[in-house]
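Single-structure report; data block below.
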Amino acid sequence: MTSIPFYKRPYGGERQDIPFAKLASFENSWDLIPDDAPDAAFFRGLESQGLLLNRAQIQAVRHTQGPLLTLAGAGSGKTSVLVSRTGYLIAAKGVDPSSILLVTFSSKAAAEMKERIMALPGLRASETAKVTARTFHSFFLYLLRTRGYKQEILSNARHQQFIMKRILREMGLQDSYEAETLLSLWSAHRMSMTGLDELPVKTPAEVEQRQIFARYEAWKEEHGQMDFDDILVLSHRLLSHDSGLLASLQRRYRYAMVDEFQDTGLLPYELLKKIVAPHRNLMVVGDDDQTIYGFNGARNEFILEFDRTFPGAKVVTLDINYRSLSSIVGLGNEIIRVNERRRPKQLRSTRKSSSVPLYLRPGDPDQEAELLLTHITEQVREHGKQYRDHAILYRTANNSRAIFEQLVMREIPFIHYENGDLFYEQWIVKPLMDHLRLSLDRRNFTAMEGMLHTLYINRDKGMAFIRQQDAPRPKKGPLSHLLSFPGLKDFQIENIRERSKLIKSLKAMEPLQAVQEMRRQFYDKFLEADERQEITLHKEFIQEGLDELEASVKRFGDIAEFVGFVDRLIIIHKEMAAMKRDEHADAVRLMTIHKSKGLEFPSVCLIGASEGILPHTSALDAERRDDQRPLSDKEDKALDALEEERRLAYVAITRARDELVISSPGFYRGRKAEVSRFFRDVFLTDEQSKQGNSIPNKGAGSTARAAFMAQRTVRIETSAKPSSPSSSAGRRIGSAVNQTSQRFGSGSRSGSSSAPGPQSPAAPAATEIVDVWLCTSPNCKGWQRVNARIPAKARDRESKACPLCQAPMKQGRKEVPVHHRR
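For the sequence shown, counting from 1, position 17 maps to 17 in the UniProt record's numbering; every step adds exactly one.
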């Protein structure tokens with residue numbers, strides 16, 4: 001029996017039945033296509049290779065004339081359909097292979113499809129080799145090359161960032177923007193067909209950014225370079241002005257197919273529409289329920305409005321999931337059906353469930369990491385699983401901090417699929433880390449360089465002056481050289497004095513106190529004063545990063561210990577680059593939900609399934625960001641944001657084949673967090689729903705939404721203490737498990753022989769003031785109800801130690817959920 005407190009439904013949901021997807025019949029082409037059918041030979045050939053298509057797949061393969069939208073649900077075999085239809089056009093319809101264009105978004109997918117097409121039975125490899133199977137960028141780059149475009153491809157992301165950083169440095173803005181963020185923003189503009197002249201210039205920051213983008217474009221032109229976005233931009237410009245070239249493409253490519261259509265942005269879609277305009281033989285394969293790249297320009301409406309864009313289009317739905325257990329498919333169905341802006345579909349499964357998704361309610365992300373990694377370790381050591389069978393998914397990169405650290409401390413092999421910096425080296429967090437490093441060594445020039453911009457001093461000029469002044473007469477605190485830096489204003493000189501004093505004082509503080517003091521004295525104001533960051537990054541993400549830092553440092557007793565721990569993490573993070581290249585490495589996969597799309601794993605752990613994480617606060621607060629928009633527009637914006645968050649949850653669920661664990665921390669960065677509405681609402685009873693316990697998908701404006709949220713706030717109390725990075729954390733798991741069981745839901749334990757029971761309700765106003773024992777440790781949230789059967793006088797003489805941290809407890813009063821007795 002597992003030692004982890006898993007449950008069969010999330011905290012707050014009392015619905016007893018667990019959703020299972022209907023099981024699909026096993027009828028296939030062998031049953032559906034008789035031997036005397038004109039195209040029977042083709043399907044018999046597929047069957048000889050083990051490719052037995054179901055009814056919907058056959059419909060998609062047989063449709064050869066006119067537009068076709070193939071809605072490919074998760075795990076429904078879309079690649080088999082694309083490959084089979086290509087073969088069908090050639091073998092059954094006599095189509096010239098060179099007239100077929102198949103485009104997708106990754107080189108790996110294009111190569112796989114080309115390989116599978118060439119292996120189809122009854123077709124000569126020399127014929128199928130003529131099929132054009134490429135990525136969008138590869139196809140249009142070839143087109144540009146044939147028309148004399150000789151620019152080199154600026155394909156290395158680090159090189160692009162280096163160029164952007166140099167531009168920012170030349171403009172004196174290197175401390176104001178992140179190069180990667182600017183490049184992503186400019187790419188999104190271009191994929192939405194917004195050029196330099198169309199960019200907004202209402203604020204100084206917007207003017208500044210347009211100047212940055214203009215310099216970036218000028219640099220590429222001057223050096224004969226083009227990036228991936230240029231390939232599509234230049235191709236669209238070329239086809240818009242060269243009617244002869246466009247006509248030749250239209251004559252050659254009589255059949256076009258697009259994979260992962262839900263990821264298509266406006267610009268590539270416009271290019272496709274140009275090519276297929278005369279014959280309209282366009283087949284698109286995608287799933288509107290998996291449109292999760294809105295920030296990159298992907299638009300859900302392209303699928304929703306396909307048959308309006310192409311009148312008379314045939315729509316085929318691939319609704320059989322061959323990947324996941326019926327309990328996993330059933331949960332996905334229940335979650336995604338709430339979305340309003342989708343094409344209705346209900347997936348069936350071919351795999352009858354022997355288990356159900358499991359739910360976990362840990363105290364906070366650190367305890368979440370402890371419990372989940374204990375589970376994974378048990379699966380590997382006791383049940384014959386491998387580490388690579390397990391994937392841990394999360395909403396944003398910041399959410400991986402606790403699990404990353406626990407993996408390192410436990411020495412569990414893992415691969416972190418993040419392209420950016422480690423959490424502690426991100427631009428929001430790094431200046432505070434540099435201050436902490438300076439508190440330990442005030443002559444740490446690298447750390448000094450990293451924090452200068454928070455004093456509003458140019459990094460390069462400031463460091464050059466410090467080194468020049470320090471060379472003849474070194475100081476214990478070289479930062480003070482800046483007091484004589486020419487051109488400083490009075491407020492800057494005062495800032496330097498105050499900052500030097502603060503840095504000296506930090507060393508004597510506990511890490512949490514040090515971070516909070518830096519935020520209070522200067523850092524929060526510094527970030528809020530920069531309007532540039534509001535354009536490139538939501539305030540919620542900035543706040544998230546700072547809160548996560550506080551959650552991390554509170555586990556350490558002194559700054560030296562914390563900084564040493566972070567330095568070790570940085571080294572390990574850099575060492576992971578080699579492991580990423582080994583697809584077969586026996587290591588836990590750690591990645592964002594976005595990165596997981598298109599992949600599948602035997603076991604998936606979704607962490608952070610709590611309100612404010614998934615759905616993210618940026619989506620929950622979307623409607624209040626632009627008070628100038630009409631109310632209906634704001635509601636639409638909020639609805640779009642929330643529905644994309646729900647699609648993220650759906651994508652995460654449908655990555656799992658055999659096991660799915662969903663974890664919802666009760667506290668997140670020091671604040672209470674409800675279980676994500678996406679999961680909790682699936683398990684509400686009809687009575688709970690009528691009482692207003694579900695969180696609405698669409699509100700009636702910000703005032704009504706705020707009132708509704710205030711009415712239904714559920715107070716969740718936890719006895720979990722943030723975990724210590726030491727081995728003692730593991731020894732406390734047993735105690736933490738018991739506390740978690742008591743505080744975060746009753747009901748059926750995974751592996752228990754008892755019948756599943758209802759979980760504790762989470763009624764909106766069901767709270768009471770009770771006598772409790774409270775932990776006296778400032779860093780522990782532990783508490784227990786006072787035993788009312790013990791006389792008051794006896795209780796006064798009683799002493800109690802906290803079951804989590806062993807600190808003394810004292811009696812007090814606390815508002816807690818009503819204790820339901822059965």
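Don't be surprised by glycine CBs; every beta carbon is placed ideally from N, CA and C. Every value quoted in this text rests on a predicted model; they were computed, and no experiment measured them.
Whole angstroms is fine: what's the gap from residue i's alpha carbon to residue j's?
| i | j | result |
| --- | --- | --- |
| Gly557 | Ile412 | 25 Å |
| Phe562 | Leu120 | 58 Å |
| Leu46 | Ala133 | 20 Å |
| Gly12 | Arg680 | 7 Å |
| Pro300 | Asp288 | Per the sequence shown, residue 300 should be read as Asn rather than Pro. Rounded to whole angstroms, Asn300 to Asp288 spans 6 Å at the Cα level. |
| Val103 | Phe136 | 6 Å |
| Ala807 | Ser107 | 57 Å |
| Gly745 | Asp547 | Per-residue confidence for Gly745 stands at a pLDDT of 36, beneath the threshold of 50, marking its modelled position as unreliable; no derived number is given. |
| Glu645 | Arg669 | 20 Å |
| Arg519 | Ala656 | 41 Å |
| Ala21 | Glu659 | 15 Å |
| Arg252 | Leu168 | 45 Å |
| Arg124 | Pro97 | 11 Å |
| Val553 | Leu372 | 21 Å |
| Trp427 | Ser3 | 39 Å |
| Lys150 | Leu23 | 55 Å |
| Leu52 | Phe678 | 35 Å |
| Asp17 | Ser327 | 11 Å |
| Asp36 | Glu115 | 30 Å |
| Gln225 | Arg215 | 13 Å |
| Tyr7 | Gly363 | 15 Å |
| Glu206 | Glu198 | 12 Å |
| Leu432 | Arg671 | 22 Å |
| Gly113 | Lys130 | Residue 113 is actually Met in this sequence, not Gly. For Met113 and Lys130, the distance between alpha carbons rounds to 13 Å. |
| Glu127 | Lys93 | 14 Å |
How close, in whole Å, do the beta carbons of residue i and residue j come, if the pair is a contact with beta carbons under 8 Å?
| i | j | result |
| --- | --- | --- |
| Leu325 | Gly73 | No, Leu325 and Gly73 are not in contact; Cβ-Cβ is about 15 Å, not under 8 Å. |
| Ser76 | Asp319 | 7 Å |
| Leu438 | Ile493 | Actually they are not in contact, since the Cβ atoms of Leu438 and Ile493 sit about 19 Å apart, beyond 8 Å. |
| Ile275 | Phe140 | That belief does not hold up - the Cβ atoms of Ile275 and Phe140 are roughly 10 Å apart, past 8 Å. |
| Gly332 | Ile613 | Contact doesn't hold; Cβ gap of about 19 Å is too wide. |
| Val83 | Ala60 | With 8 Å as the limit, Val83 and Ala60 do not qualify as a contact, their Cβ atoms being about 12 Å apart. |
| Met191 | Gly297 | 4 Å |
| Gly450 | Asp460 | About 13 Å separates the two Cβ atoms, so there is no contact after all. |
| residue 846 | Val675 | What the structure shows of the chain is the stretch from 1 to 822, and residue 846 is not part of that stretch, so it cannot be assessed. |
| residue 823 | Leu479 | Outside the displayed range of the chain (1 to 822) lies residue 823, so it cannot be described from this structure. |
| Leu606 | Ile662 | 5 Å |
| Lys314 | Leu32 | With a Cβ gap of about 18 Å, Lys314 and Leu32 do not count as contacting. |
| Asp389 | Phe601 | 7 Å |
| Asn321 | Val329 | 5 Å |
Which residue wins for smallest C-alpha separation from residue i, given the options the options?
| i | options | result |
| --- | --- | --- |
| Val285 | Leu360, Leu123, Asn333 and Arg85 | Arg85 |
| Leu144 | Arg473, Asp242 and Leu123 | Asp242 |
| Glu14 | Ile303, Glu575 and Asp686 | Asp686 |
| Leu684 | Phe6, Pro5, Pro10 and Ile4 | Pro10 |
| Val380 | Val588, Gln543 and Ile303 | Val588 |
| Asn444 | Ile466, Ile428 and Val429 | Ile466 |
| Arg158 | Val356, Leu271, Ile336 and Glu178 | Glu178 |
| Phe43 | Phe491, Tyr88 and Asp460 | Tyr88 |
| Ser155 | Asp771, Gly477 and Leu183 | Leu183 |
| Arg395 | Lys595, Gln65, Thr70 and Thr194 | Lys595 |
| Arg401 | Pro67, Val429, Ser354 and Leu185 | Val429 |
| Glu583 | Ala397, Phe213 and Tyr417 | Tyr417 |
Taking all protein chains shown into account, decide if residue i is buried (16 or more other Cβ within 10 angstroms of its Cβ) or exposed.
| i | result |
| --- | --- |
| Lys597 | buried |
| Arg361 | buried |
| Tyr424 | buried |
| Arg442 | buried |
| Trp773 | buried |
| Tyr269 | buried |
| Tyr142 | exposed |
| Glu260 | buried |
| Gly477 | exposed |
Any heavy atom of the ligand PLP within a distance shorter than 7 Å of the CB on residue i?
| i | result |
| --- | --- |
| Thr264 | With respect to the ligand PLP, the structure offers nothing, as it holds no ligand at all. |
Contiguous beta strand (DSSP E) assignments of at least 3 residues, all confined to the region 247-329: You should have 255-258, 282-286, 314-318 and 320-325.
In chain order, which continuous runs of the beta strand (DSSP E) of length 3 or greater are located wholly inside the region 385-442? Runs found: 390-394 and 414-416.
Beta strand (DSSP E) segments (min. 3 residues) lying fully within the region 339-385: Residue ranges of uninterrupted beta strand (DSSP E) with 3 or more members, entirely inside the region 339-385 and ordered along the chain, are 348-351 and 358-360.
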